[in-house]
Amino acid sequence: MKATDIRDPSYFHKVVDCQWACPAHTPVPDYIRLIAEERYTEAYMVNWESNVFPGILGRTCDRPCEPACRRVRTEEKPVAICRLKRVAADHKGDITPYMPALPTRKNGKRIALLGAGPASLAVARDLLPLGYEVDLFDRDPAGGGMMRSQIPAFRLPADVLEEEVDLILNMGVNAHFNYEITSMKDMLDMNYDAYFVGTGAPRGRDLDLPGRQEVDAHISIGIDWLGSVAFGHTHSISGKVIVMGGGNTAMDCCRTSKRLGAESVTVVVRSAFEVMKASDWEKEEALDERIPIVNNRPPKEFVHENGKLKGVVFGCVKAVQDEASGRLRYEPTGEPDVYMECDHILMAIGQENHCPWIERDIGLEFDKWDCPILDETTFQSTHPKVFFGGDSAFGPENIIWASAHAHQAAISIHLFCQGKDLKGDRPPEGLNLISQKMGVHEWSYDAEHDPAQRFIVPHADKSKALGNIKVEVELGFDRALGAREAQRCLNCDVQTVFVEPLCIECDACVDICPMDCITFASNGNEDDLRARLTAPAENAEQDLYVSEELPTGRVMVKDEDVCLHCGLCAERCPTNAWDMQKSAIHIPQLGTYAA
Amino acid sequence: MTFVAKPRVHHPQLPLNDLGLNRRDYEGAVSTLCAGCGHDSVSAAIVQACAELSLPPHRFAKVSGIGCSSKTPSYFLNASHGFNAVHGRMPSVATGANLANRELHCIGVSGDGDSASIGIGQFAHIVRRRINMLYIVDNNGTYGLTKGQFSATNDKGSTSKKGAPNLYEPIDLVSMALQIGASFVARSFSGDKQQLVPLLKGALLHRGFAFIDVISPCVAFNNHNGSTKSYDYVRGRGASVVTADFLPKDFIATAAETVVDYAPGTTETVALPDGSRLRLSKLDESYDPHDRAHALAHVLEAQQRGEVVTGLLYVDPDASDCHEILDTVETPLNALGEAELCPGQGALDRINAGLR
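Line by line, the protein sequences are chains A and B.
Here the first sequence is numbered in the working numbering, starting from 3 and rising by one per residue.
Here the second sequence is numbered in the working numbering, starting from 7 and rising by one per residue.
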């Protein structure tokens, strides 16, 4: 294998699995260390800079970082990254001194943001410090978009949402709420310098089955229903409720129904439990609230009598793994159909981005799935002035993706307004490596491995929580628990950096490594090398760190897979050929890289 | 001295041996020796050898004297018995331990100071008594603990870190062991576990006195250009004469191994008491690892050429050990009852009568 080029920012970035997996590339170990030091405000700001909504995401994020956490591979359960983010938000002090300075003179460019959800808000935050004038339009009476309308208050309390939304609105956004956008042409006529469309995926899918029209009054689309609960139009639901669908919206619908007075709530899913779209912890919460989830039951017919919904007929299927493709498909089991009584149905079977208000003759093209055609790097549409982000760009995703899109779109908008090339002038990623060595046996990070199991987040008393939709279920870690959970982080951003000319090949690092990560061996191709290491490197998703040839003709090969970043290799190296260096990956963002 | 504790967590695929233990179960405390010390590699090789042989870690007696080398029994086989003796007196303690309980595997770790200077008398006599044990000398040619004076195994002309030459002839413990009757004699290098681990396995299972001289560089005081015991020197001048591969009891040659093209007359297998074997591969057809005089001559000649001969230099699988020589009782002394240990006046009278 060729020697690894550690100057390529993506090499060490990949080693920080959580940061690599995060769409916004939030420097997770960085803020976890700050939490361990009880520097909550700074921990919050590290997050705010990167993902814009730490308090909200600390409660609602889909957590792509956690399955990626190295701790899953070295032990079992990942660090509770998401809930630590909340610790920072819950315990932070005054953040006003850390807010970006806002120029008193505007730069003369006007930007229109359509939709007041996370994507638009994040774009506003990136653009305002550079002097842009930002106008925000939304049909709802308040900002936050789906964060306000679709996430129930027992998961995301209103004050947490409002704090982070207002933080941005108060940076000088000209907000136009209750503003129904009906025509993109009209918007373009207002002659802004650029437009950002962040209107989300607001159309919930429906099911056209026999009886659908007749029982219309008893069926609600999940996200619309959650929205009307959020804005206080709906206060109760009665009788037996069936929630159809297996995603997080379905989980929010069933748990909300339970709190609003439903006699019974059942979730019915057409697919198997394991492949449901809902996050594992959302499923667990629903089950914990004793809401049954019935799987492998595709609906067939709505049964009604005199215009009143009586129940639903479901077929019975089982999941079969297709041998050729390995994918699951569903076959009828042959059992008789199942009839389930109900008075109300909440339909939560998916949603779409949908822009009927964008005319199709204004140079903004859509693909065959009715999604806007976008450049994946710049988020620019085929109309040069119009940029997209969030769910309206590539379909429904989590809030963290909206932040990630927004940073890129903001860079594009800025380059566009400056007349620069959106790709050629894009700032590159960067990497800083800083040695953590403080003394002969002293490191400036806590190298010691903590074998503690993942700590469980305390919950509110169930009788209280189920009686009031505004009672937050999860109480979050307190300072002490947060500090202990923070200690479980392996500090994967403190990299093992190897300097060939210093190595005397004494094997000290090989002998001390608790995880058998290091091998000195003759070089070979990757498959061959992977099989010949001290411990075979079977996880091909994790890179091998290969050195230049050493004096004995061998190379140093380190399997990054299960390295604990404990620093023992550096500690036992007599010549400092190994050093522990903290990698800071610079992900370009407007403001830090303003051109 | 390392202050970061070695985490107990290990590689998720770390294999288990026949006893259901993994290699980490054979470790000891984290070393307090200088970072990069060859002795730590020797300890790691012992850990690997014992784990791969599936030897029960609590059935070992570890003995040592004084010096950097003699600290190392703390760094392997945490679950075993140990005795850290006074300087140069490890052989006495090892002799006693082995005579008292012949069922324990006995590992003695000593250094060039402990065995070739203050303890040379003890060393000579434990060799000739053929105590059934593995005797390792971590040989770095210097007194590391007292900041780098030449030891008795330091080669003449080799220099100190500051450049002063050594004026005296070296003592070669391998030659001594060959001459006085060790039945398993090898030399190896701490930086070559591929060679060292099979030698350790063979030596651990060998019945009789097994001696391994391990060149184990001192990174602090004797790993410089004027040294003949540095990593670079041994890598450059080391010459293996007979390499040993350890073949376990249930070893069946794989297809890949049977096609290895050994020149005729250059390989042979030596049986070990538990049914496993050592496969010896000679790099020089004329070398005979069963001819004591020939081995001794080869070692001396190589030494004159400035070469470091490594590998399994001599082995006699049929030699008698101390228990055979002394006709000791099969049962360990601690397992004998009072009746056997104190047979009474009648037995004493019979012995006395036999001496009249």
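Just so it is clear, CB atoms sit at the ideal spot from N, CA and C, and this is done for glycine as well.
Would you mind sorting residue i into buried or exposed? The rule is 16 or more other CB atoms within 10 Å of its CB.
i, result
"residue 267 of chain B", "Here the model assigns residue 267 of chain B a pLDDT of 49, short of 50, so the residue's position is not dependable and the matter cannot be decided."
"residue 329 of chain A", "exposed"
"residue 497 of chain A", "buried"
"residue 606 of chain A", "The shown model of chain A, from 3 to 597, leaves out residue 606 of chain A, and the question about it has no answer."
"residue 219 of chain B", "buried"
"residue 403 of chain A", "buried"
"residue 14 of chain B", "exposed"
"residue 265 of chain B", "The predicted model places residue 265 of chain B with a pLDDT of 44, which falls under 50 and marks its position as unreliable; any figure quoted below should be read in that light. With fewer than 16 Cβ atoms within 10 Å of its Cβ, residue 265 of chain B is classed as exposed."
"residue 224 of chain A", "buried"
"residue 458 of chain A", "exposed"
"residue 262 of chain B", "Summary for residue 262 of chain B: the model assigns pLDDT 46, below 50, so the residue's position carries little reliability, and this model does not support an answer."
"residue 99 of chain B", "buried"
"residue 104 of chain B", "buried"
"residue 160 of chain B", "buried"
"residue 9 of chain B", "exposed"
"residue 290 of chain A", "exposed"
"residue 335 of chain B", "exposed"
"residue 280 of chain B", "exposed"
"residue 2 of chain B", "The shown model of chain B, from 7 to 362, leaves out residue 2 of chain B, and the question about it has no answer."
"residue 352 of chain A", "buried"
"residue 420 of chain A", "exposed"
Closer than 8 Å by beta-carbon distance: list the chain B residues that pair up with residue i, in chain order.
i, result
"residue 513 of chain A", "46, 47, 49 and 50"
"residue 494 of chain A", "Here the premise fails: no neighbours, minimum Cβ distance about 15 Å."
"residue 449 of chain A", "10"
"residue 564 of chain A", "17 and 18"
"residue 467 of chain A", "Chain B residues near residue 467 of chain A: none, gap ~36 Å exceeds 8 Å."
"residue 554 of chain A", "241"
"residue 537 of chain A", "17, 19 and 20"
Run down chain B in chain order and give the residues with a C-beta less than 9 Å from the C-beta of residue i.
i, result
"residue 75 of chain A", "18"
"residue 516 of chain A", "12, 13, 14, 15, 16, 17 and 30"
"residue 453 of chain A", "13, 14 and 15"
List the residues of chain A that residue i touches, going by C-beta distances under 8 Å, in chain order.
i, result
"residue 42 of chain B", "506, 508, 510, 574, 575, 576 and 577"
"residue 197 of chain B", "507, 508 and 509"
I want to verify the contact list: residues of chain A whose CB lies under 7 Å from the CB of residue i, in sequence order.
i, result
"residue 225 of chain B", "508 and 576"
For residue i and residue j, which I take to be in contact (beta-carbon distance under 8 Å), what is that distance rounded to the nearest angstrom?
i, j, result
"residue 52 of chain B", "residue 206 of chain B", "6 Å"
"residue 20 of chain B", "residue 518 of chain A", "7 Å"
"residue 676 of chain A", "residue 192 of chain A", "Only positions 3 to 597 of chain A appear in this structure, which leaves residue 676 of chain A out of reach."
"residue 214 of chain B", "residue 190 of chain B", "6 Å"
List, in chain order, every chain A residue whose beta-carbon is nearer than 9 Å to that of residue i.
i, result
"residue 237 of chain B", "506, 507 and 508"
"residue 95 of chain B", "Correct list: empty, because the minimum Cβ distance to chain A is about 29 Å."
For residue i, go through chain B and note every residue whose CB falls closer than 7 Å to its CB, in chain order.
i, result
"residue 568 of chain A", "10 and 13"
Validate contact between the segment 144 to 152 of chain B and the segment 85 to 104 of chain B using beta carbons, cut 8 Å, 3 pairs:
Because the criterion of three Cβ pairs below 8 Å is not met, the segment 144 to 152 of chain B and the segment 85 to 104 of chain B do not touch.
Residue ranges of each beta strand (DSSP E) run of no fewer than 3 residues wholly in the segment 124 to 170 of chain B, ordered along the chain?
Here the runs fully enclosed are 139 to 145.
Pairs of beta-carbons, one from the segment 457 to 473 of chain A and one from the segment 538 to 554 of chain A, closer than 8 Å: are there three or more?
They do not touch, by the three-pair rule.
Any chance you could list the beta strand (DSSP E) runs of at least 3 consecutive residues sitting entirely within the segment 247 to 333 of chain A, in chain order?
Qualifying beta strand (DSSP E) stretches, in chain order: 266 to 270, 301 to 307, 310 to 316 and 319 to 323.
Kindly confirm or deny that the segment 27 to 46 of chain A and the segment 449 to 465 of chain A touch, where touching means at least three C-beta pairs closer than 8 Å.
Proximity of the segment 27 to 46 of chain A to the segment 449 to 465 of chain A falls short of the contact definition, fewer than three beta-carbon pairs being nearer than 8 Å.
Would you check if the segment 244 to 261 of chain A and the segment 343 to 359 of chain A touch, i.e. whether three or more CB-CB distances between them fall below 8 Å?
Yes: the two stretches touch, three or more of their Cβ pairs being nearer than 8 Å.
With a floor of 4 residues, list each alpha helix (DSSP H) that falls wholly inside the segment 464 to 495 of chain A, ordered by position along the chain.
Residue ranges of uninterrupted alpha helix (DSSP H) with 4 or more members, entirely inside the segment 464 to 495 of chain A and ordered along the chain, are 464 to 469 and 481 to 488.
Three-pair Cβ contact test at 8 Å for the segment 28 to 40 of chain B versus the segment 70 to 84 of chain B
Contact annotation: the segment 28 to 40 of chain B touches the segment 70 to 84 of chain B, with at least three C-beta pairs closer than 8 Å.
Touching by the beta-carbon criterion (3+ pairs, under 8 Å), the segment 473 to 485 of chain A and the segment 546 to 562 of chain A:
Output reads no: the segment 546 to 562 of chain A does not touch the segment 473 to 485 of chain A.
Could you give the uninterrupted runs of the alpha helix (DSSP H) lying entirely in the segment 397 to 474 of chain A, keeping only those of 4 residues or more?
If we require 4 residues or more, the alpha helix (DSSP H) runs fully inside the segment 397 to 474 of chain A come out as 401 to 419 and 464 to 469.
For the pair the segment 387 to 404 of chain A and the segment 195 to 208 of chain A, tell me if three or more CB-CB distances fall below 8 Å.
Short answer: they touch.
Across the segment 577 to 584 of chain A and the segment 421 to 437 of chain A, are there enough close Cβ pairs to call them in contact, namely three or more that are closer than 8 Å?
Judged by Cβ distances under 8 Å, the segment 577 to 584 of chain A makes contact with the segment 421 to 437 of chain A, as three or more pairs qualify.
Would you mind listing the beta strand (DSSP E) stretches within the segment 502 to 568 of chain A that are 3+ residues and don't spill past its ends, in chain order?
As summarised for the segment 502 to 568 of chain A, the continuous beta strand (DSSP E) elements at least 3 residues long and confined to that stretch are 520 to 524, 546 to 548 and 556 to 561, given in chain order.
Below 8 Å, can you find three or more Cβ-Cβ pairs linking the segment 212 to 223 of chain A to the segment 131 to 147 of chain A?
At 8 Å Cβ cutoff, the stretches do not touch.
Complete runs of the beta strand (DSSP E) confined to the segment 11 to 97 of chain B [at least 3 residues]
Those beta strand (DSSP E) runs which fall completely within the segment 11 to 97 of chain B and span 3+ residues are 66 to 70 and 87 to 90.
Curious, which full-length beta strand (DSSP E) runs of at least 3 residues does the segment 104 to 189 of chain A contain?
As for any beta strand (DSSP E) of minimum length 3 sitting wholly inside the segment 104 to 189 of chain A, the runs are 112 to 116, 135 to 139 and 176 to 178, ordered along the chain.
Sufficient close CB pairs (3 or more, under 8 Å) joining the segment 193 to 208 of chain B to the segment 303 to 323 of chain B
Contact between the segment 193 to 208 of chain B and the segment 303 to 323 of chain B is present: three or more C-beta pairs spanning the two stretches fall below 8 Å.
Decide yes or no for the touch test of the segment 559 to 571 of chain A against the segment 407 to 419 of chain A: beta carbon pairs closer than 8 Å, at least 3 of them.
Counting C-beta pairs with one atom in each stretch, the segment 559 to 571 of chain A and the segment 407 to 419 of chain A have fewer than three that are closer than 8 Å, which means they do not touch.
Residue ranges of each alpha helix (DSSP H) within the segment 21 to 79 of chain A, 4 or longer
Runs found: 30 to 38, 42 to 53, 56 to 62, 67 to 70 and 73 to 76.
List, from N- to C-terminal side, the beta strand (DSSP E) runs of 3 residues or more that fit wholly inside the segment 262 to 338 of chain B.
The segment 262 to 338 of chain B contains these whole beta strand (DSSP E) runs: 273 to 277, 283 to 288 and 314 to 321.
Do the segment 286 to 306 of chain B and the segment 162 to 173 of chain B touch if we need at least three Cβ pairs shorter than 8 Å?
Judged by Cβ distances under 8 Å, the segment 286 to 306 of chain B makes no contact with the segment 162 to 173 of chain B, as fewer than three pairs qualify.
Evaluate the contact criterion for the segment 62 to 77 of chain A versus the segment 89 to 100 of chain A: three or more CB pairs, one atom per stretch, below 8 Å.
The segment 62 to 77 of chain A, when compared against the segment 89 to 100 of chain A, does not touch it at the 8 Å Cβ threshold.
Only counting runs of 3 or more residues, tell me where the beta strand (DSSP E) segments fall wholly within the segment 189 to 268 of chain B, in order along the chain.
Every beta strand (DSSP E) stretch that sits fully inside the segment 189 to 268 of chain B and reaches 3 residues is listed by chain position as 190 to 195, 215 to 221 and 244 to 253.
Which whole runs of the beta strand (DSSP E) in the segment 343 to 408 of chain A are 3 residues long or more, in chain order?
Taking only runs of at least 3 residues, the beta strand (DSSP E) segments lying wholly in the segment 343 to 408 of chain A are 346 to 349 and 388 to 390.
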